[in-house]
Amino acid sequence: MVRPVGIETEYGMNCQGFSGDVDFGFEASTIVRAADWEPSFRGWDYSNEDARLDMRGDRAKALARDPNDLRDSRANSSQLSDEKLIADTVLPNGARFYNDHNHPEYCTDICTSLLELVAQDKAGELLLFACQKSRNESADEGEVLIVKNNTDYHGRSYGTHENYLVSRSVDFKELVSAMVPFFVVRQIITGAGKVGSEGSKPGDVDFQISQRADFFEEVVGINTTARRPIFNTRDEPHADRLKYRRLHVISGDANRSEYATALKAGMAGLVLDAMEAGEHLGVELEDPVAAIRAVSRDPDLRAQVGAKRKPYWTALDLLEHYLEVIENRGPYEGERAWTVSQWRDLLDRLRSDPESTADRLDWTAKRRLYREIQDGGQPVDISDLKRLDLAYHLVDPELSLYQSLVDSGRIRRLVDDEAVQTAKTTSPSGTRAAVRAAILRRFGPSIKDMEWDSVTLLVNGRDLRLRMSEIEGPEIRRLEEIVSNSRSIEDLAKEVVKWQ
Amino acid sequence: MAVNLGTHPWNRSVDSATVMETETPVKPKQTPTKPKEDDDLDERVKRIIREIPGPTPQPGGE
């Protein structure tokens, strides 16, 4: 078991063949409503959500929006009800699927295994591809190609967020001081790679490590759609808020590589484990925003990160610092041991021969291929490379460059197709995710509302709200038994009242 | 979830060298047995450059 983690991915929509401006809200809604995995629940309980709650103790008066987004076409979406536009859906595997800021977003339920996380995340790619096909077969105009990436290459970004449960006993400043430098440098393992540069400070960059680094403007903040911070302070644990924070990580990339996805969660989990155990990991950087960009834009890995303490000069040095602290806390077992061994091996290879990691890391896989193409005499310009870069992230396996690299044996996988197929209809195990999925499977018609930590059932005309403020443990296991063993909704209601 | 951790190399407490030696690339079970012409990577690259549209503008998200 590893630290509970989930990943939310806003998928991109590359649109062509439309007669006028694309109404992205309408298209995202159409894509989400095309989901046909059953049993599903259409809806979401927002009553306990408040994205303005800030870890720093305040509640933001408003969240910043990119003014460009407000000018997008709403010709078709303005005709839809809010429910139809947002199209909230809970899938049979417990994942959430909806239209978030005009992008179809797939959120895995909470996982305590990296393998399960990878399988759940990959199931999302299958879902999006199925929805793409459905939309393109039935729509009146245009074609939408779904992309699992974080940029349109025209200066706009959409997110892939990780969520980790962290003890609220960890000091907030300590959390920031440890995680900001980590997020600045972990991209050398978890970056998805990108051709060119964007954002407020574009430069003369052919290729960079991260899709996202161009878009960060602040070190710490609550916003996500504008003035994006490296450390997001949204304070919505979706669990017992006296015990937990949810670390909402917005600085990561959308990975196609299964290794990168697993390591992204495994490495962050180990850093958080060390923090909760009282380790002081923070290394102060002169300018983290400049550093995250500098690291990304130097795939030769020589960029200095501006650490105020020697000897953490480069991303390699600083990531080595985190790894040494974690190695010294060992030995580890299972997925934690695997994460540490991969982290060590990849770091050593990145120092000596970065392209030897191209079988596991997105950015080195891309860089190696682009170099081969350029060295092979095939005439390619920057627009061809951007086309290839986009194609790496397409979810259509026939068109995806990532899939081509997998098929040719160049990129390793961690889970097989059977596990990914299973993850379409099976929730992550051992957590409240299994409870939510079991209720959906067994008592779907009685569900009135759902969210991450509660399910509201309609029993003989009365609401029964089932709250799950813990992620896992004996109480959750008992609840899963109750749901599995109840013969009727009335039985379930009776047992749930006793359980609560 | 049908993932058998008992047989997976992760489920061992071993040093990093052993993990790397025992790991082999996991190929998808549904890999076609008869490769299509497109499966040749060079051909796929050429096809992408020829057929895939360039990146089009999108809204920002999150």
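Protein sequences, first through last, are from chains A and B. The first sequence runs contiguously to residue 500 in this note's numbering. The second sequence runs contiguously to residue 562 in this note's numbering. C-beta atoms are modelled at their ideal positions from N, C-alpha and C, and glycine is treated no differently.
**M179 of chain A in three-state terms, based on DSSP** = Helix, per DSSP.
| task | Note down the Cα distance separating I292 of chain A from K424 of chain A, rounded to an integer number of angstroms. | result | 35 Å
task = Using three-state DSSP, classify G269 of chain A as helix, strand or coil.
result = helix
Taking only the alpha-carbon atoms, compute the straight-line gap between R441 of chain A and P288 of chain A and give it to the nearest angstrom.
46 Å
- Can a CB atom of chain B be found closer than 9 Å to the CB of M13 of chain A? yes
For the stretch 300–311 of chain A against the stretch 223–233 of chain A, are there 3 or more C-beta pairs whose distance is under 8 Å?
-> no
DSSP three-state assignment for Q187 of chain A, whether helix, strand or coil:
helix
Verify the CB distance criterion: does G554 of chain B have a CB-CB separation below 9 Å to chain A?
yes
Applying the criterion that 16 or more other CB atoms from any shown protein chain within 10 Å of the CB defines a buried residue, is P67 of chain A buried or exposed? exposed
### Message
If you reduce the DSSP assignment to three classes, tell me which class G12 of chain A lands in.
### Response
strand
(message) Please report whether the beta-carbon of F97 of chain A lies at a distance below 9 Å from any beta-carbon of chain B.
(response) no
Checklist entry - Would you call E27 of chain A buried or exposed, if buried means 16 or more other Cβ atoms sit within 10 Å of its Cβ? => result buried
Quick one: grab the DSSP three-state call for P92 of chain A. coil
- Could you tell me which residues DSSP puts in a beta bridge with C111 of chain A? According to DSSP, C111 of chain A bridges with A:V5.
Notebook entry, point to check: Shorter than 9 Å from the beta carbon of V545 of chain B to some beta carbon of chain A?
Noted result: yes
Could you work out which residues of chain B lie near F24 of chain A, taking near to mean beta carbons separated by less than 8 Å? Q558 and P559
Original post:
Near N99 of chain A, what residues of its chain come up, given a Cβ to Cβ distance below 6 Å and the 5 sequence neighbours on each side ignored?
Top reply: Excluding positions up to five away in sequence, the list reads A28, S29, V32, I86 and A87.
- Residues in its own chain within less than 6 Å of N14 of chain A by CB, not counting five upstream and five downstream? L145 and V147
request  = Please name the residue in A:L399, A:A95, A:L115 and A:D381 whose C-alpha comes closest to that of R336 of chain A.
outcome  = A:L115
query: Should D538 of chain B be flagged as near chain A, meaning a C-beta pair shorter than 9 Å?
result: Because D538 of chain B carries a pLDDT of 40, less than 50, the predicted location of this residue cannot be relied on, and no value is offered for it.
Requested in this report: Check the Cβ of Y153 of chain A against every Cβ in chain B and list those closer than 7 Å, keeping chain order.
Outcome: P555
Limits of the alpha helix (DSSP H) - the one that E217 of chain A falls within
E217 of chain A -> not in any alpha helix (DSSP H); beta strand (DSSP E) instead, spanning F216 to G221.
Note to self: What residue range does the beta strand (DSSP E) around S47 of chain A cover?
What the structure shows: Neither: S47 of chain A is in no beta strand (DSSP E) and is coded neither H nor E.
ask   = Helix, strand or coil: which one does DSSP assign to H321 of chain A?
value = helix
Exercise. Determine which residues of the stretch 248–260 of chain A have a Cβ less than 9 Å from any Cβ of chain B, and write them out in chain order.
Key: I250 and E258
**Message:** Could you check whether the Cβ of S69 of chain A sits closer than 9 Å to any Cβ belonging to chain B?
**Reply:** A small correction: the amino acid at residue 69 of chain A is Asp; Ser does not occupy that position in the sequence shown. At least one chain B Cβ lies under 9 Å of D69 of chain A.
Self-check item: Y392 of chain A, enclosing alpha helix (DSSP H) - first and last residue
Solution: I382 to Y392
Residue environment, W499 of chain A, which counts as buried when at least 16 other CB atoms sit within 10 Å:
Under this definition W499 of chain A is an exposed residue.
For S157 of chain A, which residues in the same chain have their Cβ closer than 6 Å to its Cβ, ignoring the five residues on either side in sequence?
Spatial neighbours of S157 of chain A in its own chain (CB-CB distance under 6 Å, excluding positions within 5 residues in sequence) are listed in chain order as N150, T151 and F215.
- Item | Other residues of its chain near I489 of chain A: CB distance less than 8 Å, five sequence neighbours each side excluded | The residues are F443, S446, L457 and V459.
Please list the terminal residues of the continuous alpha helix (DSSP H) segment that includes F443 of chain A. Element bounds for F443 of chain A: R432 to F443.
Within its chain, find whatever has a CB closer than 6 Å to the CB of G159 of chain A; leave out the 5 residues flanking it on each side and keep chain order. E10 and I250
Among A:E143, A:A192, A:T422 and A:T233, whose alpha-carbon lies nearest the alpha-carbon of F18 of chain A?
A:E143
Between the C-alpha atoms of N136 of chain A and R212 of chain A, what's the straight-line distance to the nearest angstrom? 29 Å
| message | Just to make sure I have the definition right: I need the residues of chain B whose C-beta is within less than 8 Å of the C-beta of A391 of chain A. Which are they? | response | I548 and I552
Checklist entry - For E162 of chain A, which of helix, strand or coil comes out of DSSP? => result DSSP places E162 of chain A in strand when its eight states are reduced to three.
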